[in-house]
Amino acid sequence: MSTVPIRKEFRNLQPRDIVPLFLTFKKASGISTRTQKDYEKALSLFFSRFPDALDFPRERTMEFLSGYENPSSYNVYFAYLSVFWKWSIQEGYFRGNRHPLDGLKKRKPRGRIVQLEEKEVHALLQQPDKNTYAGFRDYCLLCLSIDAGVRPGEALQLTPDDFHLEKGEISIRAEVAKTRTPRIIPLSSHTVSAIGRLLSTRPDEWKDAPIFANETGTGLQETSWSRRVKSYGKKCGLAITAYHLRHAAALLLLRRGADAFTVQNILGHTTMQMTRTYINLTNEDTRKGHG
């Protein structure tokens, strides 16, 4: 990877000067609000740990990444820093002699795909207290996650306008979708009914609040939702996270007869690669059944 010389007028700039310029550039390029916040969070963490990283970009980047053994965490920060350093080089802010990520590459994930049986899904859905607002909201969000495999970050940004009661479907807008590609997902009648009931009980002043708002009408945070799912799972003997519900949805769709392209479209996969992983698991189930 080649670099360009830093311009003399930029030599004294600090992270607090450069990072906002980068974030403005990314915003202008059309990234979603959530992605913008993710970049901001990642760079804030990086430069808080290594305030002199602009002067020692390669050394500090390697120190930072070496602190992450989990491939998923490593790859996330690798991606954010890769984009930031590429922009810094193009803009003439880079102070190093060698690209910080030269010779490094993303790691192969050790991801665990969670497989839930129908009875386990049923047990999980029994955990929220549907007599309370928060409990019924969680129940509806569990139904949507298991029914349609919507990513947690996508589901929590859905608004009432994205829900189409008569058509029985939900729209994932481009600015909400992780891949920036919109999609429309058909829902089961049970999920449609549950979400419709949830929306009918909301105060009038919550008109612009997300579908799965908290008790004050503001957005439910993804970390809070993940903790709640983990707690519900623990109560019925399941070690799961909010994202694992997406895995369960994919496998349930395939086991119920959905074809690969339908599953790919519903989940919003940009390629068939991840969908094939789920297909292979269902094929293993079939082989075991005939064993």
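Note that the working numbering has the sequence shown beginning at 6, numbered continuously upward.
Built from N, CA and C at the ideal position, the CB exists for glycine as well.
As the structure is a prediction and not an experimental result, all values here were calculated from the model.
Return the CA-CA distance between residue i and residue j, expressed in angstroms with no decimal places.
{"i": "residue 41", "j": "residue 265", "result": "32 Å"}
{"i": "residue 212", "j": "residue 107", "result": "50 Å"}
{"i": "residue 196", "j": "residue 224", "result": "20 Å"}
{"i": "residue 77", "j": "residue 207", "result": "37 Å"}
{"i": "residue 144", "j": "residue 277", "result": "30 Å"}
{"i": "residue 121", "j": "residue 59", "result": "47 Å"}
{"i": "residue 6", "j": "residue 91", "result": "Unreliable positioning characterises residue 6 in this predicted model, as indicated by a pLDDT of 49, which lies under 50. The coordinate reading is nonetheless provided below. Approximately 10 Å between the Cα atoms of the pair."}
{"i": "residue 96", "j": "residue 271", "result": "39 Å"}
{"i": "residue 216", "j": "residue 164", "result": "5 Å"}
{"i": "residue 53", "j": "residue 46", "result": "10 Å"}
{"i": "residue 242", "j": "residue 103", "result": "50 Å"}
{"i": "residue 185", "j": "residue 263", "result": "24 Å"}
{"i": "residue 240", "j": "residue 246", "result": "13 Å"}
{"i": "residue 93", "j": "residue 180", "result": "26 Å"}
{"i": "residue 287", "j": "residue 55", "result": "46 Å"}
{"i": "residue 198", "j": "residue 89", "result": "45 Å"}
{"i": "residue 201", "j": "residue 131", "result": "19 Å"}
{"i": "residue 275", "j": "residue 282", "result": "14 Å"}
{"i": "residue 43", "j": "residue 235", "result": "23 Å"}
{"i": "residue 20", "j": "residue 57", "result": "9 Å"}
{"i": "residue 81", "j": "residue 124", "result": "34 Å"}
{"i": "residue 8", "j": "residue 26", "result": "Below a pLDDT of 50, predicted positions are generally treated as unreliable, and residue 8, at 49, falls in that range; the measurement from the model is reported next regardless. Spanning the two alpha carbons is a distance of roughly 19 Å."}
{"i": "residue 261", "j": "residue 64", "result": "51 Å"}
{"i": "residue 39", "j": "residue 75", "result": "23 Å"}
CB-CB under 6 Å to residue i, same chain, minus the five flanking residues each way: which ones, in chain order?
{"i": "residue 22", "result": "none"}
{"i": "residue 298", "result": "This structure does not reach residue 298, given that the chain is present from 6 up to 296, and the question cannot be answered."}
{"i": "residue 24", "result": "48"}
{"i": "residue 133", "result": "140, 143 and 144"}
{"i": "residue 214", "result": "222"}
{"i": "residue 37", "result": "180"}
Which residue from the options puts its Cα closest to that of residue i?
{"i": "residue 238", "options": "128, 275 and 276", "result": "128"}
{"i": "residue 210", "options": "201, 221 and 202", "result": "221"}
{"i": "residue 85", "options": "249, 103, 130 and 66", "result": "66"}
{"i": "residue 227", "options": "187, 162, 137 and 200", "result": "162"}
{"i": "residue 51", "options": "37, 75, 38 and 87", "result": "87"}
{"i": "residue 137", "options": "57, 219, 187 and 81", "result": "219"}
Say the cut is 6 Å; is the CB of residue i nearer than that to a heavy atom of the ligand PLP?
{"i": "residue 21", "result": "The ligand PLP is not part of this structure, which contains no ligands at all."}
Excluding the five sequence neighbours on either side, which residues of its own chain have a C-beta within less than 7 Å of the C-beta of residue i, listed in chain order?
{"i": "residue 249", "result": "119"}
{"i": "residue 244", "result": "238"}
{"i": "residue 269", "result": "277 and 280"}
{"i": "residue 135", "result": "141 and 144"}
{"i": "residue 267", "result": "none"}
{"i": "residue 178", "result": "167 and 187"}
Please list, in chain order, all residues of the same chain as residue i whose beta carbon is under 8 Å from its beta carbon, the five residues on each side excluded.
{"i": "residue 109", "result": "67, 70 and 83"}
{"i": "residue 79", "result": "70, 73, 111 and 112"}
{"i": "residue 126", "result": "151, 253 and 257"}
Return the Cβ separation of residue i and residue j in integer angstroms, given the expectation that the two are a contact with Cβ distance under 8 Å.
{"i": "residue 258", "j": "residue 284", "result": "About 11 Å; that fails the 8 Å criterion."}
{"i": "residue 183", "j": "residue 273", "result": "7 Å"}
{"i": "residue 168", "j": "residue 146", "result": "That pair is no contact at about 12 Å."}
Quiz item: Taking three-plus beta-carbon pairs below 8 Å as touching, is the region 167 to 176 in contact with the region 186 to 201?
Solution: A contact exists between the region 167 to 176 and the region 186 to 201.
Quiz item: How do the region 66 to 86 and the region 23 to 40 stand: do at least 3 beta-carbon pairs fall below 8 Å, yes or no?
Solution: no
Self-check item: Three CB pairs or more closer than 8 Å across the region 151 to 162 and the region 227 to 236
Solution: When C-beta atoms of the region 151 to 162 are compared with those of the region 227 to 236, three or more pairs fall below 8 Å, so the two segments count as touching.
Self-check item: Meets three-Cβ-pair contact criterion under 8 Å: the region 132 to 152 and the region 248 to 259
Solution: yes
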